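Using our numbering, the letters of the sequence shown map in sequence onto residues 7 to 517. Note that the Cβ used here is the ideal one computed from N, Cα and C, for glycine as well. No experiment lies behind these values; they were computed from the predicted model shown.
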Amino acid sequence: VTVDIAKSLWEYSEVGLDEYKSYVKAGDVLAGAGFAIKQSAADIPTCLVATWGSGQPVLGIYEDIDALPGVGHACGHNLNTAAGVVAAMSIKSAMESHQIPGTIKVFINPAEEVWDVAPLVAAAGYYDDVDVLLSFHAGTENTSEFGSTMAMDHVEYKFKGKAAHASAAPEKGLSALDAVEIMNVAVNYLREHLIQEMRIHYVITDGGAAPNIVPATAASRYFIRAPKYPDVAYARKRIDDCAKAAALATGTEFEIGFSSGIYNKVPSKSLALLAMDSIKSVGPLEFADDQVAQMKALGISGMPDKAIKEPTGSQSFGSNPIGDVTWKTPSTTLGVATWAPGTAGHSSEAAVQSGAVYGFEGAVQASKALAVMAIELLTNPESLAGVKAEFAERMKGMPPYEGKAMIPEVAYPEAPGITVSAADGAVSVKSAETAFAEDAGDIIVISSMEGDELASYILPASTGAEAGPQAPAEYAFKIQGKVDVGQRLKITFIDASKGGDTWFYGYVHAQ
Numbered sequence: 007v008t009v010d011i012a013k014s015l016w017e018y019s020e021v022g023l024d025e026y027k028s029y030v031k032a033g034d035v036l037a038g039a040g041f042a043i044k045q046s047a048a049d050i051p052t053c054l055v056a057t058w059g060s061g062q063p064v065l066g067i068y069e070d071i072d073a074l075p076g077v078g079h080a081c082g083h084n085l086n087t088a089a090g091v092v093a094a095m096s097i098k099s100a101m102e103s104h105q106i107p108g109t110i111k112v113f114i115n116p117a118e119e120v121w122d123v124a125p126l127v128a129a130a131g132y133y134d135d136v137d138v139l140l141s142f143h144a145g146t147e148n149t150s151e152f153g154s155t156m157a158m159d160h161v162e163y164k165f166k167g168k169a170a171h172a173s174a175a176p177e178k179g180l181s182a183l184d185a186v187e188i189m190n191v192a193v194n195y196l197r198e199h200l201i202q203e204m205r206i207h208y209v210i211t212d213g214g215a216a217p218n219i220v221p222a223t224a225a226s227r228y229f230i231r232a233p234k235y236p237d238v239a240y241a242r243k244r245i246d247d248c249a250k251a252a253a254l255a256t257g258t259e260f261e262i263g264f265s266s267g268i269y270n271k272v273p274s275k276s277l278a279l280l281a282m283d284s285i286k287s288v289g290p291l292e293f294a295d296d297q298v299a300q301m302k303a304l305g306i307s308g309m310p311d312k313a314i315k316e317p318t319g320s321q322s323f324g325s326n327p328i329g330d331v332t333w334k335t336p337s338t339t340l341g342v343a344t345w346a347p348g349t350a351g352h353s354s355e356a357a358v359q360s361g362a363v364y365g366f367e368g369a370v371q372a373s374k375a376l377a378v379m380a381i382e383l384l385t386n387p388e389s390l391a392g393v394k395a396e397f398a399e400r401m402k403g404m405p406p407y408e409g410k411a412m413i414p415e416v417a418y419p420e421a422p423g424i425t426v427s428a429a430d431g432a433v434s435v436k437s438a439e440t441a442f443a444e445d446a447g448d449i450i451v452i453s454s455m456e457g458d459e460l461a462s463y464i465l466p467a468s469t470g471a472e473a474g475p476q477a478p479a480e481y482a483f484k485i486q487g488k489v490d491v492g493q494r495l496k497i498t499f500i501d502a503s504k505g506g507d508t509w510f511y512g513y514v515h516a517q
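Following this line, the structure appears as structure tokens:
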């Protein structure tokens, strides 16, 4: 099952917020194993929370599911999800066999590579009852982590000026690009007066269209990082002031176009040490000569490391949306070597190994380590109590958690197979392009984001299971009411046989 999930997700390689097939695959496996599925958690179409059991303790398993644009599963999220799903199934089986009380919650998280989704799920309350959260991440080492990450704000600064001919009449223009550049200079002088660990980096996303036109618009995007969020908040205020000053100096207007923030990780040494015990108990991977030869044929010369590396608790200078979740519940991430030493994350070499025997076998091993660790926490009250006591101690004196994350409207991709015409309200559903297997009697419902139903359609027998993947390529019906080009709609598939429903977003197009 682990290999099947990992291979399927690798083949899909769906990027952030477009993980429709991957989402359905993970959900179907978990539903088939008896988990209750909360689809589109926190109003995010490809976000899934699966639950089994009742009562305390509540053990969470967190895994990312998205691929990277251009390079596929070069971060190994197909392996992470496969290991997490199968670990949850194994834990459930053990709990049933040995009558172990408790609840398992599986969090399948989309868009980790591009947007801050996990904090939105945390803000919606899905982690509030979780006693401890475990996860696995693909990589080159057999280890666990109890270091922290950097808190971060992600901000877009937009300036509006007045266009003019840059040579014939520059005095009539107000340069938005001048404002962007003055802001950047001011921020670079500001660095001296911020803490040593602060990291600030930016790009100009709009610098004008041509040198002979005074730019009427310009924009930049900033990442503002520090080990603790209060330091980010302080720097953010100062950087906002730099933007205001730049607008004042150039006579332009200024606004913040997009703003999101994530917190640093709260580490858990006790959980990290339990993870190490689990990794040691399942042992390092062994590969047969034919498996090594198979990888060499794919251009991979080494093999995953057998050494087990003790965690150091060092500060990471990267940021991760799961940081917000660790302010809600103690958490750790274990690592099982799935790639050969020297493989860089987000590289084509990592993608190759994530879709082959090294990655697949590593995911199997990781699922075992996660299950071993989970059973220890579920059956040994002292272990869980120690983890919770450390968490309580670390949270003493911490400022209250205030979620800062958001996803811009433009980030949501077109729903697969749905086209809505604003001209006449016609809805076109292209069956072959959807991620869902439709049967006769299934229902498609189109509604506004406010919940008002605009149209519904019951699939006729000609699109039923007997037609298989060769079902009609397109079927159409009408929306009742007015829709506008660019309007976002909620598309719901209601499964007549299973009784569940899956929804995602569609957009209204011009005819």
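Residues near residue i by beta carbon distance below 8 Å, same chain, minus five either side
i, result
"Ile314", "Asn148, Thr149, Met282, Ile285, Lys286, Pro290"
"Ser173", "Asn218"
"Pro405", "Tyr235, Pro236"
"Lys334", "Ala128, Tyr133, Asp134, Val136, Tyr407"
Cα-Cα separation, residue i to residue j
i, j, result
"Ala185", "Tyr208", "14 Å"
"Glu355", "Glu388", "42 Å"
"Val168", "Pro221", "The residue you asked about is not Val; residue 168 is Lys in the sequence shown. If I take the Cα positions, the gap works out to 7 Å."
"Ala438", "Phe499", "In this prediction, Ala438 scores a pLDDT of 38, lower than 50, which makes its location untrustworthy; the coordinate-derived value is nonetheless stated afterwards. Their backbone Cα atoms lie some 15 Å apart in a straight line."
"Asp24", "Ala357", "19 Å"
"Phe113", "Arg242", "31 Å"
"Ile97", "Leu36", "12 Å"
"His83", "Val64", "24 Å"
"Gly214", "Ala249", "18 Å"
"Ala278", "Leu390", "13 Å"
"Glu259", "Asp246", "13 Å"
"Thr155", "Ser320", "9 Å"
"Leu180", "Val191", "18 Å"
"Phe397", "Ser274", "7 Å"
"Ala375", "Val91", "13 Å"
"Pro75", "Val416", "16 Å"
"Val288", "Val491", "55 Å"
"Asp330", "Thr52", "19 Å"
"Lys166", "Trp16", "43 Å"
"Phe293", "Met101", "31 Å"
Integer-rounded CB distance, given that residue j should sit under 8 Å from residue i
i, j, result
"Ala88", "Ile328", "Contact doesn't hold; Cβ gap of about 18 Å is too wide."
"Val522", "Gly66", "The structure shown does not extend to residue 522, since the chain is modelled only from 7 to 517, so the question has no answer here."
"Glu162", "Phe264", "4 Å"
"Ala56", "Leu126", "Actually they are not in contact, since the Cβ atoms of Ala56 and Leu126 sit about 18 Å apart, beyond 8 Å."
"Leu304", "Ala362", "6 Å"
"Val393", "Ser276", "5 Å"
"Ala80", "Val21", "No, Ala80 and Val21 are not in contact; Cβ-Cβ is about 12 Å, not under 8 Å."
Close beta carbons around residue i, own chain, < 6 Å, minus the five adjacent residues each side
i, result
"Gly6", "Only positions 7 to 517 of the chain appear in the structure, and residue 6 is not among them; the question remains open."
"Ala252", "Ala185, Ile188, Met189"
"Gly59", "Gly108, Thr109, Ile110"
"Arg205", "Arg231"
"Tyr68", "Phe113, Leu139, Ser141"
"Thr332", "Lys271, Val272"
"Trp345", "Thr146, Ala356, Gln359"
"Pro347", "Thr146, Gly308, Asp311"
"Ala441", "In this prediction, Ala441 scores a pLDDT of 48, lower than 50, which makes its location untrustworthy; no coordinate-derived value is stated."
"Gln476", "In this prediction, Gln476 scores a pLDDT of 37, lower than 50, which makes its location untrustworthy; no coordinate-derived value is stated."
"Ala377", "Ala93, Ser96, Ile97"
"Lys410", "Gly267"
"Ala372", "Ala89, Phe142, Val342"
"Ala12", "Asn84, Leu85, Ala88, Phe366, Ala369"
"Asn326", "Thr155"
"Ala380", "Leu65, Ile97"
"Glu456", "none"
"Gly474", "Only weak support is given to the placement of Gly474: the predicted model assigns it a pLDDT of 36, under 50, and the question is left unresolved by the model."
"Lys44", "Val55"
"Val7", "Val92"
"Val9", "Phe366"
Other residues of its chain near residue i: CB distance less than 7 Å, five sequence neighbours each side excluded
i, result
"Ile464", "Gly447, Ile449"
"Gly368", "Leu85, Ala144, Leu291, Pro310, Val342, Ala343, Thr344"
"Ala6", "Beyond the ends of the chain as shown, which are 7 and 517, falls residue 6; an answer cannot be given."
"Pro419", "Leu23, Asp24"
"Tyr18", "Lys27, Ser28"
Beta strand (DSSP E) runs wholly inside the stretch 23 to 65, at least 3 long, in chain order: 42 to 45, 54 to 60
Extract the residue ranges of the alpha helix (DSSP H) inside the stretch 371 to 417, only unbroken runs of 4 or more that lie entirely within it. 387 to 401
Whole runs of the alpha helix (DSSP H) within the stretch 108 to 177, excluding any shorter than 4 residues: 124 to 129
Could you name each continuous alpha helix (DSSP H) segment of 4 residues or more that falls completely within the stretch 318 to 352, going from the start of the chain to the end? 328 to 331
Those runs of the alpha helix (DSSP H) which lie wholly inside the stretch 178 to 212 and span at least 4 residues: 182 to 196
Scan the stretch 241 to 296 and note each continuous alpha helix (DSSP H) run of 4 residues or more that stays entirely inside, going in chain order. 275 to 288
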